[in-house]
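Asks: Can you keep this structure in mind? I'll have questions shortly.
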Amino acid sequence: MTTTTTATAATRSQRLKAATHATHDVLDKRVMAGDIFASRDHFARFLRVQYRFHRDIDALYADPALAALLPGLAARRRWPQVEADLTALGQPLLPPAPGRLAAGAPLPEALGWLYVAEGSNLGGTLLYKWAHEKLGLDQGFGASHLAAHPEGAARHWREFTAALDAVVLSPAQEAAVIAAAEEAFRTVHGYVAEEFAGAAGR
Ligand code: HEM
Numbered sequence: 001m002t003t004t005t006t007a008t009a010a011t012r013s014q015r016l017k018a019a020t021h022a023t024h025d026v027l028d029k030r031v032m033a034g035d036i037f038a039s040r041d042h043f044a045r046f047l048r049v050q051y052r053f054h055r056d057i058d059a060l061y062a063d064p065a066l067a068a069l070l071p072g073l074a075a076r077r078r079w080p081q082v083e084a085d086l087t088a089l090g091q092p093l094l095p096p097a098p099g100r101l102a103a104g105a106p107l108p109e110a111l112g113w114l115y116v117a118e119g120s121n122l123g124g125t126l127l128y129k130w131a132h133e134k135l136g137l138d139q140g141f142g143a144s145h146l147a148a149h150p151e152g153a154a155r156h157w158r159e160f161t162a163a164l165d166a167v168v169l170s171p172a173q174e175a176a177v178i179a180a181a182e183e184a185f186r187t188v189h190g191y192v193a194e195e196f197a198g199a200a201g202r
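First residue of the sequence shown: 1, per my numbering; consecutive thereafter.
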């Protein structure tokens, strides 16, 4: 579902897309192979993946240093919506556990993880459409975290990537952003493997 971008792409966000294209593709196929629209219970497995992923980065949205670089960051937070979606579907919340990244996390690490979270909104618009058509879920019930921003998912994404691309980083930090995005994708892969198999380890 992703399009290919060359590794020599001009902007940071384009380079991130190129670097994580393959891992996104595997994730996308793995999630769809999990038949998450077969029933609301199947969909809840995907919600648990999202719950764990967004819990990992939740503290970043309240980090003032990051917000200074990424305008409107706090409003991009989606963990509460994932929680509301689980509750709407009558699913128990997972036991409390700390997120992976704390406020004040190294800048490149934060940027890499936020790239993955924000980018996932693009595929999220498709998932929202299917959740609505196949399971009767919507913004007010069960699929709120997938609902597109009122100004449109594409525009909301471009605003994020413009800010992300404008952050000045050293070459070492640049490499660390990519490593962090890869780590974020690996983490989500791990959550999918566990939640889709019904395993614990939360
Ligand atoms: C939690 C799981 C997922 C994560 C973390 C994720 C992450 C991302 C990221 C980072 C991007 C932005 C790529 C860019 O830089 O433009 C993206 C785009 C996209 N994703 Fe996903 N994704 C996930 C699941 C899915 C699934 C299940 C689908 C299946 C329909 C999907 C379909 C897409 C599509 C269609 C795009 C936009 C097309 C593109 O420009 O590549 N994603 N996703």
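No residue lacks a Cβ here, since even glycine has one placed at the ideal position from N, Cα and C.
Buried or exposed, going by whether 16 or more other CB atoms sit within 10 Å of the CB of VAL188?
Replies: So VAL188 counts as buried.
Asks: Taking DSSP as the reference, what is the three-state secondary structure of PHE185?
Replies: Residue state, collapsed to three classes: helix.
Asks: How far does the alpha helix (DSSP H) with GLY119 in it extend, from its first residue to its last?
Replies: Residues 107-135.
Asks: Take ALA44 and list the residues in its own chain whose beta-carbon comes closer than 6 angstroms to its own, dropping the five residues that flank it on each side.
Replies: Excluding residues within five positions, the ones whose Cβ falls inside 6 angstroms are LEU89, GLN91.
Asks: For HIS54, collect the residues of the same chain with a Cβ closer than 6 angstroms to its Cβ; drop the 5 residues on either side in sequence, then sort them by chain order.
Replies: Closer than 6 angstroms at Cβ, skipping near neighbours: ARG78, TRP79, VAL82.
Asks: Are the CB atoms of ALA131 and ALA148 nearer to each other than 8 angstroms?
Replies: No. Outside cutoff.
Asks: List the DSSP bridge partners of GLY142.
Replies: ASP138, per the DSSP bridge assignment.
Asks: Can you tell me whether GLY72 is buried or exposed, with buried defined as 16 or more other CB within 10 angstroms of its CB?
Replies: Exposed, since its Cβ has fewer than 16 Cβ neighbours within 10 Å.
Asks: Looking at C-alpha atoms only, which residue of ARG40, THR87, ALA166 is the closest neighbour of LEU66?
Replies: Selected option, being the one with the closest Cα: ALA166.
Asks: Using only alpha-carbon positions, find the residue among GLY119, LEU16, PHE196 that is nearest to ARG155.
Replies: Out of GLY119, LEU16, PHE196, GLY119 has the C-alpha closest to the C-alpha of ARG155.
Asks: Looking at the structure shown, is PRO171 part of a helix, part of a strand, or coil, going by DSSP?
Replies: PRO171 falls in the helix class under three-state DSSP.
Asks: When you measure from the CB of LEU107 to every non-hydrogen atom of the ligand HEM, does any distance come out below 7 angstroms?
Replies: It does not: the Cβ of LEU107 is nowhere closer than 7 angstroms to a heavy atom of the ligand HEM.
Asks: Here's the rule I'm using: 16 or more other beta-carbon atoms within 10 Å means buried, otherwise exposed. How should GLU151 be labelled?
Replies: With fewer than 16 Cβ atoms within 10 Å of its Cβ, GLU151 is classed as exposed.
Asks: Buried or exposed for LYS129, going by 16 or more other Cβ atoms inside 10 Å?
Replies: It counts as exposed.
Asks: Please state the DSSP three-state secondary structure of PHE160.
Replies: It is helical.
Asks: Helix, strand or coil for THR11, going by three-state DSSP, please let me know.
Replies: Here THR11 sits in coil by DSSP.
Asks: Is the CB-CB distance between VAL116 and ALA184 below 8 angstroms?
Replies: Yes, the pair counts as a contact, with Cβ atoms nearer than the cut-off.
Asks: Hey, quick one: how far does the alpha helix (DSSP H) through ASP56 stretch, first residue to last?
Replies: Residues 40-57.
Asks: Out of GLN50, LEU135, ALA84, THR87, state which residue places its alpha-carbon closest to the alpha-carbon of GLY99.
Replies: Ranking GLN50, LEU135, ALA84, THR87 by Cα distance to GLY99 puts GLN50 first.
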